[in-house]
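What follows is a short report on a single structure.
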Amino acid sequence: MRLTVDGQQFDINADPEMPLLWALRDLMGKTGPKFGCGIAACGACTVNVDGQAVRSCSLPVGQVTGAVTTIEGIGIDGKLHPVQQAWLEEQVAQCGYCQAGQIMSAVALLEEVAAPSDADIDDAMGGNLCRCGTYPKIRTAIKRAAVLKTAGL
Amino acid sequence: MASVGKIARRTFLIGAAAIAGGVAVGYYYYRKPFPNPLEGDLAKGEATFNPYVKIGADNTITIVAPRAEMGQGISTTLAAMVAEELDVDLDQVKVEHGPASYAYYNAAILEEGGPFAFFDESMTAEAVRAGMGVIGKFLALQATGGSASTRDGFDKMRQAGAAARQMLIAAAAQKLGVAAAELETANGSILHKASGKSLTYGAVAAAAAAMAPPAEVRLKDKADWKLLGKSQKRIDMLAKVTGAPIFGIDVRLPDMLYGTVKMSPRFWARPVTADLSKAEKMPGVIKIVSIETNYGHGFGIIAENTWAAFKAAEAIDAKWADPEYPLDSAAIAEVLKQALGAKGSAMRDDGDVDTAFADAPRERIVEADYAVPYLAHATMEPMNATAQLKNGALDIWCGNQAPTLVRQLCANAVGIEQDKVTVHTTFMGGGFGRRVEMDYALCAALMAKQAGGRPVKVTWTREEDMRHDAYRPAAVGKFQARLGDDGLPVAVDMKIASPSVIAGTLRRLFPSISPLGPDKTIVDGAYDQPYTIPNYRVSGIAATVSIPVGSWRSVGSSINSFFHEGFLDEIAVAGKTDPVELRKMLMAAYPAAVKVVEKVAAMAKWGEALPAGKAKGMAFTLCFGSWVGEIVQVADTPAGIRIEKVWIAADVGTALDPDIIEAQLISAAIYGLSAAVAQEITFADGMVEQSNFHDYDAMRIFQCPTFEVAILENFHKMGGVGEIGTPPAAPALANAVFALTGKRIRTLPLSKGVAFA
Numbered sequence: 664m665r666l667t668v669d670g671q672q673f674d675i676n677a678d679p680e681m682p683l684l685w686a687l688r689d690l691m692g693k694t695g696p697k698f699g700c701g702i703a704a705c706g707a708c709t710v711n712v713d714g715q716a717v718r719s720c721s722l723p724v725g726q727v728t729g730a731v732t733t734i735e736g737i738g739i740d741g742k743l744h745p746v747q748q749a750w751l752e753e754q755v756a757q758c759g760y761c762q763a764g765q766i767m768s769a770v771a772l773l774e775e776v777a778a779p780s781d782a783d784i785d786d787a788m789g790g791n792l793c794r795c796g797t798y799p800k801i802r803t804a805i806k807r808a809a810v811l812k813t814a815g816l
Numbered sequence: 035m036a037s038v039g040k041i042a043r044r045t046f047l048i049g050a051a052a053i054a055g056g057v058a059v060g061y062y063y064y065r066k067p068f069p070n071p072l073e074g075d076l077a078k079g080e081a082t083f084n085p086y087v088k089i090g091a092d093n094t095i096t097i098v099a100p101r102a103e104m105g106q107g108i109s110t111t112l113a114a115m116v117a118e119e120l121d122v123d124l125d126q127v128k129v130e131h132g133p134a135s136y137a138y139y140n141a142a143i144l145e146e147g148g149p150f151a152f153f154d155e156s157m158t159a160e161a162v163r164a165g166m167g168v169i170g171k172f173l174a175l176q177a178t179g180g181s182a183s184t185r186d187g188f189d190k191m192r193q194a195g196a197a198a199r200q201m202l203i204a205a206a207a208q209k210l211g212v213a214a215a216e217l218e219t220a221n222g223s224i225l226h227k228a229s230g231k232s233l234t235y236g237a238v239a240a241a242a243a244a245m246a247p248p249a250e251v252r253l254k255d256k257a258d259w260k261l262l263g264k265s266q267k268r269i270d271m272l273a274k275v276t277g278a279p280i281f282g283i284d285v286r287l288p289d290m291l292y293g294t295v296k297m298s299p300r301f302w303a304r305p306v307t308a309d310l311s312k313a314e315k316m317p318g319v320i321k322i323v324s325i326e327t328n329y330g331h332g333f334g335i336i337a338e339n340t341w342a343a344f345k346a347a348e349a350i351d352a353k354w355a356d357p358e359y360p361l362d363s364a365a366i367a368e369v370l371k372q373a374l375g376a377k378g379s380a381m382r383d384d385g386d387v388d389t390a391f392a393d394a395p396r397e398r399i400v401e402a403d404y405a406v407p408y409l410a411h412a413t414m415e416p417m418n419a420t421a422q423l424k425n426g427a428l429d430i431w432c433g434n435q436a437p438t439l440v441r442q443l444c445a446n447a448v449g450i451e452q453d454k455v456t457v458h459t460t461f462m463g464g465g466f467g468r469r470v471e472m473d474y475a476l477c478a479a480l481m482a483k484q485a486g487g488r489p490v491k492v493t494w495t496r497e498e499d500m501r502h503d504a505y506r507p508a509a510v511g512k513f514q515a516r517l518g519d520d521g522l523p524v525a526v527d528m529k530i531a532s533p534s535v536i537a538g539t540l541r542r543l544f545p546s547i548s549p550l551g552p553d554k555t556i557v558d559g560a561y562d563q564p565y566t567i568p569n570y571r572v573s574g575i576a577a578t579v580s581i582p583v584g585s586w587r588s589v590g591s592s593i594n595s596f597f598h599e600g601f602l603d604e605i606a607v608a609g610k611t612d613p614v615e616l617r618k619m620l621m622a623a624y625p626a627a628v629k630v631v632e633k634v635a636a637m638a639k640w641g642e643a644l645p646a647g648k649a650k651g652m653a654f655t656l657c658f659g660s661w662v663g664e665i666v667q668v669a670d671t672p673a674g675i676r677i678e679k680v681w682i683a684a685d686v687g688t689a690l691d692p693d694i695i696e697a698q699l700i701s702a703a704i705y706g707l708s709a710a711v712a713q714e715i716t717f718a719d720g721m722v723e724q725s726n727f728h729d730y731d732a733m734r735i736f737q738c739p740t741f742e743v744a745i746l747e748n749f750h751k752m753g754g755v756g757e758i759g760t761p762p763a764a765p766a767l768a769n770a771v772f773a774l775t776g777k778r779i780r781t782l783p784l785s786k787g788v789a790f791a
């Protein structure tokens with residue numbers, strides 16, 4: 664089966680029932696998306712498929728038709744994505760394990776809403792669990808990322 | 035408080051364990067330094083000065099920060115200690131965790147292991163603290179825990195940086211033919227101002243490292259610090275925002291196999307029957323092996339990918355023996371309740387409590403029963419480890435809080451000598467005390483033994499992780515107070531029963547050591563609080579329930595702060611005293627505590643009227659050497675109670691990195707609030723009932739309050755940071771819920787009594 668991930672084509676031999684997450688991690692070497700729960704309850708595995716945030720742990724790889732973007736593929740020309748840049752500036756991460764998923768949810772949110780309100784953030788990010796409690800900084804960083812992105816930085 | 039006589043009569047656990055373990059050796063051994071573990075593994079042109087500093091000829095400066103990075107920012111702060119004295123910026127250095135080595139033993143982790151409150155600075159208490167440091171060296175545990183890393187590293191890592199700098203200057207003086215006193219250092223270079231000549235550290239590193247270390251090292255005055263005391267950019271941040279492969283679960287090796295485990299859902303129980311045939315035939319499955327460790331019994335599945343291993347684990351059809359502990363939560367609760375009938379050991383026994391209650395009029399008595407459930411750690415990264423056993427040597431990659439233990443236990447498990455084991459400690463996706471356990475490493479090591487020399491990455495499912503933890507123990511408390519005419523308590527008697535964390539940990543990690551003496555963690559956070567009450571007794575009783583229990587962020591204080599501070603709130607209400615004023619009066623002998631309470635009360639505008647439907651609650655805890663006050667504001671909303679705002683004031687003595695400390699305080703408070711609101715691990719048929727985040731959830735972003743934090747530096751000793759925000763969170767919230775609703779909820783989680791938004 665052929666998949667486009669982070670702009671690169673992969674030919675893999677996988678059980679179509681295998682979740683996209685395990686195909687990415689074990690068969691394609693994309694370890695950016697993380698395994699957290701396996702039931703779409705924590706968001707650590709979030710990737711974007713055609714710009715939509717999806718939980719790759721619960722999406723059978725056989726059902727993936729669009730282009731997949733992981734945390735490893737959002738940088739532009741070797742520069743960080745505005746969301747990553749904002750995360751860096753706000754020093755968001757603690758253990759960092761959930762952050763790839765948090766960032767991918769935030770990237771999808773900003774594609775949809777240029778200047779998200781607190782309620783927009785609550786809606787878009789509620790599926791991403793963080794056990795270190797970085798939520799206050801995530802909120803600030805999303806708002807900063809919105810400014811950076813709008814300014815074209 | 036404990037006197038010399040009481041100490042002599044009473045063994046206390048960690049000391050007893052150390053002696054029983056046969057590690058009581060002489061003074062000489064204690065004074066002798068461990069060899070530098072970096073010496074055997076230097077790159078070309080690289081020189082090492084001590085276990086913390088390596089400098090290459092190309093001026094690459096590497097600092098070893100030998101504590102587990104689980105999000106607490108320790109690698110940044112430890113590196114800053116060395117960098118400060120070495121006179122280099124943090125962006126100029128590489129920071130590594132380094133190898134497993136006894137040279138990196140944590141002396142501070144045991145320092146408060148004696149039966150003394152942190153504020154007790156009597157000669158006995160200080161002597162025992164010094165003795166505990168010696169025991170720390172004997173045990174030589176390279177461990178991250180007890181909120182001890184900065185306290186442990188503060189002197190020795192600054193000294194390591196300063197010693198290396200002095201040696202570099204001495205070598206440069208020789209090379210330039212000038213007096214050392216004429217040389218200055220900055221940004222990794224040595225400058226001779228008079229001649230304008232300069233040398234990089236790298237240019238003289240080899241010569242400098244060959245010199246004898248200085249006999250005396252002078253450390254900078256605090257006023258001259260450039261890095262310490264100031265917020266640094268975290269050294270791990272870029273890797274964490276780019277999805278870099280930094281966690282154990284990200285390890286990839288040539289020819290690697292994948293795997294998972296299916297361990298007995300009843301702790302310690304063996305399989306009675308097991309049909310592996312269906313699982314063995316599944317596509318991608320290579321082998322299913324038996325696993326036996328001190329953590330229990332089960333199976334390891336080796337496969338071509340993780341998903342195949344997960345599917346096969348589900349297909350194993352096994353029946354497990356009956357458990358050795360009560361079958362369900364109700365029966366366990368009964369054992370705890372029965373344990374409360376025992377006398378227990380009083381870790382605090384001021385005045386004469388029995389006499390004070392003997393003639394107490396009924397209307398002056400306040401009584402309450404409290405309870406908390408078992409809790410799982412639920413780190414975001416499920417347990418995992420990668421292991422390879424090839425040509426008699428074992429390599430093991432995993433995030434872990436105790437590398438020398440990983441080395442020792444895995445060597446024993448596969449039957450090789452410790453010097454044939456290399457531990458590669460990765461960043462960890464959360465620790466909270468879970469990764470001080472060795473089960474995930476042992477499973478991987480045993481599976482590697484049967485993988486024909488190929489590496490195996492063994493990843494647990496979330497369900498396996500949730501159901502095989504070393505849980506925060508359940509606990510119950512029975513409390514009684516006698517109030518005086520002024521409403522203040524004249525007598526408080528607290529009895530707390532809980533399974534012993536120390537006994538449980540010894541069974542898993544050091545089964546040959548029998549626990550002797552009382553387990554102080556049963557009463558930590560209750561017996562050692564800075565309150566003066568004329569008759570004040572806190573007793574702990576170890577209840578016999580052998581479900582595995584371990585260290586959960588703040589350990590005993592996570593339980594006992596809820597008990598103690600909840601009960602103190604009840605005393606305030608019964609005595610018609612303001613809860614903040616009550617605490618200030620009882621802690622008047624401890625100015626650092628009073629200042630913390632005054633600060634947090636001022637921040638939260640405590641005492642000012644709130645609109646209808648809003649209320650505040652407060653709590654205070656002294657733990658891990660830091661003094662912490664928290665105030666929680668809640669609001670009644672149509673969807674349920676919403677936690678709106680949390681104020682935290684913490685006196686940590688010396689604040690090494692304010693931003694990291696603030697992040698830790700908020701993190702720990704959210705961890706505590708998550709548990710207080712909704713978390714519990716329950717049992718049925720000898721098995722854990724919860725399995726994943728749908729039935730063991732934590733706070734989400736839409737439930738998260740706003741925070742305001744103040745960091746104080748009034749006390750003269752440095753305190754810990756990583757755990758201290760957790761204990762006061764639950765009681766402050768429960769007290770706020772009482773203030774809002776009039777409901778005094780004495781059993782966690784609170785969601786059993788009220789609905790939260």
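In the order they appear, the protein sequences are chains A and B. Sequential numbering of the first sequence, starting at 664, is according to this note's numbering. Sequential numbering of the second sequence, starting at 35, is according to this note's numbering. Glycine included, every Cβ here is placed at the ideal spot set by N, Cα and C.
Interface residue (Cβ-Cβ distance to chain A less than 8 angstroms): glutamate 415 of chain B is classified as such. A direct Cα-to-Cα measurement between serine 592 of chain B and glycine 559 of chain B gives close to 8 angstroms. Straight across, the Cα-Cα distance linking glycine 147 of chain B with lysine 554 of chain B is about 8 angstroms. Per DSSP, tryptophan 661 of chain B is one residue of the beta strand (DSSP E) stretching across 660–671.
Close to phenylalanine 736 of chain B, with beta-carbon spacing below 7 angstroms, are these residues of chain A in chain order: Asp785 and Gly789. Inter-residue distance for methionine 104 of chain B and glutamine 726 of chain A is about 35 angstroms (C-alpha atoms, whole angstroms). Neighbourhood of lysine 697 of chain A in chain B, by CB distance below 8 angstroms: Phe281, Ile283, Met414, Glu415 and Gly463, in chain order.
Residue contact with chain A for isoleucine 95 of chain B: absent (no Cβ-Cβ distance below 8 angstroms to any residue of chain A). Chain order gives the chain A residues near alanine 732 of chain B as Leu792 and Arg794, where near means a beta carbon separation below 7 angstroms.
If you look at serine 324 of chain B, you'll find it in the beta strand (DSSP E) that goes 319–327. For tyrosine 474 of chain B, not one C-beta of chain A is nearer than 8 angstroms to its own C-beta.
With three or more CB-CB distances shorter than 8 angstroms, the region 242–260 of chain B counts as touching the region 186–206 of chain B. Residue contact with chain A for lysine 274 of chain B: present (Cβ-Cβ distance below 8 angstroms to some residue of chain A).
Between leucine 782 of chain B and proline 692 of chain B, the alpha-carbon positions lie close to 32 angstroms from each other.
For threonine 671 of chain B, the closest Cβ of chain A is not nearer than 8 angstroms. By DSSP's assignment, asparagine 711 of chain A forms a beta bridge with A/Ala716 and A/Thr732. For the region 284–303 of chain B, the beta-carbon criterion of a distance under 8 angstroms to any beta-carbon of chain A is satisfied by Asp284, Arg286 and Tyr292.
A distance below 6 angstroms between beta-carbons, with the five flanking residues on each side excluded, links threonine 327 of chain B to the following residues of its chain, in chain order: Leu476. The alpha-carbon of alanine 412 of chain B is positioned some 20 angstroms away from that of lysine 274 of chain B. In the structure shown, the three-state DSSP call for histidine 728 of chain B is coil. Taking 8 angstroms as the threshold, the shortest C-beta distance from phenylalanine 658 of chain B to chain A does not fall below it.
The region 312–384 of chain B contains, as complete alpha helix (DSSP H) runs of 4+ residues, the segments 340–349 and 363–373 (chain order). Residues of chain A with a Cβ closer than 7 angstroms to the Cβ of phenylalanine 727 of chain B are, in chain order, Cys700, Ala704, Cys705 and Leu792. Rounded to the nearest angstrom, the Cβ distance from glycine 236 of chain B to aspartate 92 of chain B is 6 angstroms, consistent with a contact under 8 angstroms.
The beta-carbon of arginine 807 of chain A is placed no less than 8 angstroms from the nearest beta-carbon of chain B. Contact fails between the region 528–536 of chain B and the region 321–341 of chain B, because fewer than three Cβ pairs, one in each stretch, are under 8 angstroms apart. Neighbours of alanine 697 of chain B in chain A, taken as residues whose beta carbon is under 8 angstroms from its own, are Gln754, Gln757, Thr797 and Lys800 in chain order. For arginine 163 of chain B, the CB contacts under 8 angstroms within the same chain, skipping 5 residues up- and downstream, are Glu145, Glu146, Gly148 and Phe150 in chain order. Per DSSP, tryptophan 681 of chain B lies in no alpha helix (DSSP H); the unbroken beta strand (DSSP E) holding it starts and ends at 674–685.
Boundaries of the beta strand (DSSP E) around methionine 528 of chain B: 523–532. Look at tyrosine 408 of chain B: its C-beta is not under 8 angstroms from any C-beta on chain A. For proline 679 of chain A, no chain B residue has a C-beta closer than 9 angstroms to its own C-beta; the minimum C-beta separation is roughly 11 angstroms. A contact is defined here as three or more CB-CB pairs under 8 angstroms, and the region 804–812 of chain A meets this definition with respect to the region 736–752 of chain A. Remark: C-beta atoms of serine 156 of chain B and valine 129 of chain B do not approach each other more closely than 8 angstroms.
Residue pairing for proline 682 of chain A: DSSP places it in a beta bridge opposite A/Pro723. Counting along the chain, the unbroken beta strand (DSSP E) around methionine 297 of chain B starts and ends at 291–297.
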